[in-house]
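Student: According to my numbering, the sequence shown holds residues 1 to 190 in order.
Backbone N, C-alpha and C define an ideal beta-carbon position, used for all residues, glycine too.
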Amino acid sequence: MRNPVLYVSRDLEYDWLIALEFGRVVDGQPDDHFRRVGENFAYCLDGPDGDIVGFGVGDLTSFDVEAVPELWGGQHFDAPLLGLRDVPAGAIVLAAQAKLADKPTTNRMLFNLATNAEGEHALALWRQCLEAGDSMAHYSLGYTLLELGRAREGYGHLREYVEACPTNGWAWCWLGRAHEALSEFTDART
Numbered sequence: 001m002r003n004p005v006l007y008v009s010r011d012l013e014y015d016w017l018i019a020l021e022f023g024r025v026v027d028g029q030p031d032d033h034f035r036r037v038g039e040n041f042a043y044c045l046d047g048p049d050g051d052i053v054g055f056g057v058g059d060l061t062s063f064d065v066e067a068v069p070e071l072w073g074g075q076h077f078d079a080p081l082l083g084l085r086d087v088p089a090g091a092i093v094l095a096a097q098a099k100l101a102d103k104p105t106t107n108r109m110l111f112n113l114a115t116n117a118e119g120e121h122a123l124a125l126w127r128q129c130l131e132a133g134d135s136m137a138h139y140s141l142g143y144t145l146l147e148l149g150r151a152r153e154g155y156g157h158l159r160e161y162v163e164a165c166p167t168n169g170w171a172w173c174w175l176g177r178a179h180e181a182l183s184e185f186t187d188a189r190t
């Protein structure tokens, strides 16, 4: 079985680390898509009782990875950003604590800048965030394009996001708005 290749994302403000297969998002996933290990760690699953596709860590700076033996066995991953292959989650967390303790990943830096921007400037930052590999940016890029009157462009990003995160009600709302703006009323209602 091939190891999941993880896209590593580090946010300083919220002090978390998310390491997921490229193209996936963790926000808005139902509880049965996680297998919790302690208070601040969870494996992300591709469905209820599904395969492990990554993990998330809260309070990364104070997380004692050595105290959680479950993170040193089982599923192995590749984490190219950290130069790691065929390692357990514990090794990735330890490497992230050493290399990313006081700096965000590029995607999160761009994400934070974009949340404080408006109009075309926000659009440019959301595109850069997506180009940096952050699939969560599909959502914000989609609704920003829609707000700028570019529904056709926004639709594709919103569709991509709801497929990655089908339980996010707001994403469906924005997708419905895109359908409405494109005069696709049947799809807007479903």
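From Leu148 to Asp59, what distance separates their C-alpha atoms?
Tutor: Taking the straight line from one Cα to the other gives about 37 Å.
Student: Measure how close the beta-carbons of Asp78 and Asn3 come, nearest whole angstrom, since I'm counting them as under 8 Å.
Tutor: Going by Cβ atoms, the distance from Asp78 to Asn3 rounds to 5 Å, so yes, they are a contact pair.
Student: Going along the chain, which residues of its own chain have a beta-carbon closer than 7 Å to the beta-carbon of His76, five neighbours each way excluded?
Tutor: Contacts found: Asn3, Asp86, Val87, Pro88.
Student: Nearest CA to the CA of His33: which residue from Asp51, Ala19, Leu17, Glu21?
Tutor: Selected option, being the one with the closest Cα: Asp51.
Student: Helix, strand or coil for Ala117 per DSSP?
Tutor: Coil, per DSSP.
Student: Classify Gly142: buried if its beta carbon has 16 or more other beta carbons within 10 angstroms, exposed otherwise.
Tutor: Buried, by the Cβ-count rule.
Student: For a minimum of 4 consecutive residues, which ranges assigned as the alpha helix (DSSP H) are wholly contained in the stretch 136-167?
Tutor: Complete alpha helix (DSSP H) runs here, min 4: 137-147, 151-164.
Student: Sort out for me which residues DSSP pairs Ala67 with in a bridge.
Tutor: DSSP lists no partner for Ala67.
Student: Just to confirm the assignment, what range does the beta strand (DSSP E) spanning Ala132 have?
Tutor: Counting along the chain, Ala132 falls outside any beta strand (DSSP E), and DSSP gives it neither H nor E.
Student: Between Gly56 and Leu17, is the Cβ-Cβ spacing less than 8 Å?
Tutor: A contact, by the Cβ cut-off of 8 Å.
Student: Would you mind stating whether Phe22 and Val8 have Cβ atoms separated by less than 8 Å?
Tutor: Contact: no.
Student: Output the distance between the C-alpha atoms of Pro166 and Pro30, rounded to the nearest integer angstrom.
Tutor: C-alpha separation (whole angstroms): 10 Å.
Student: Any idea what DSSP makes of Arg177, helix, strand or coil?
Tutor: Arg177: helix per DSSP, three-state reduction.
Student: I need the DSSP call for Asp31, collapsed to helix, strand or coil.
Tutor: Here Asp31 sits in helix by DSSP.
Student: Quick one: residues in its chain with C-beta nearer than 7 Å to the C-beta of Leu175, no 5 flanking neighbours on either side, listed in chain order?
Tutor: Result list for Leu175: Leu158, Arg159, Val162, in chain order.
Student: Contact check, Leu84 vs Ala95 under 8 Å by CB: the rounded distance?
Tutor: Their Cβ separation, rounded to whole angstroms, is 6 Å, which keeps Leu84 and Ala95 in contact under 8 Å.
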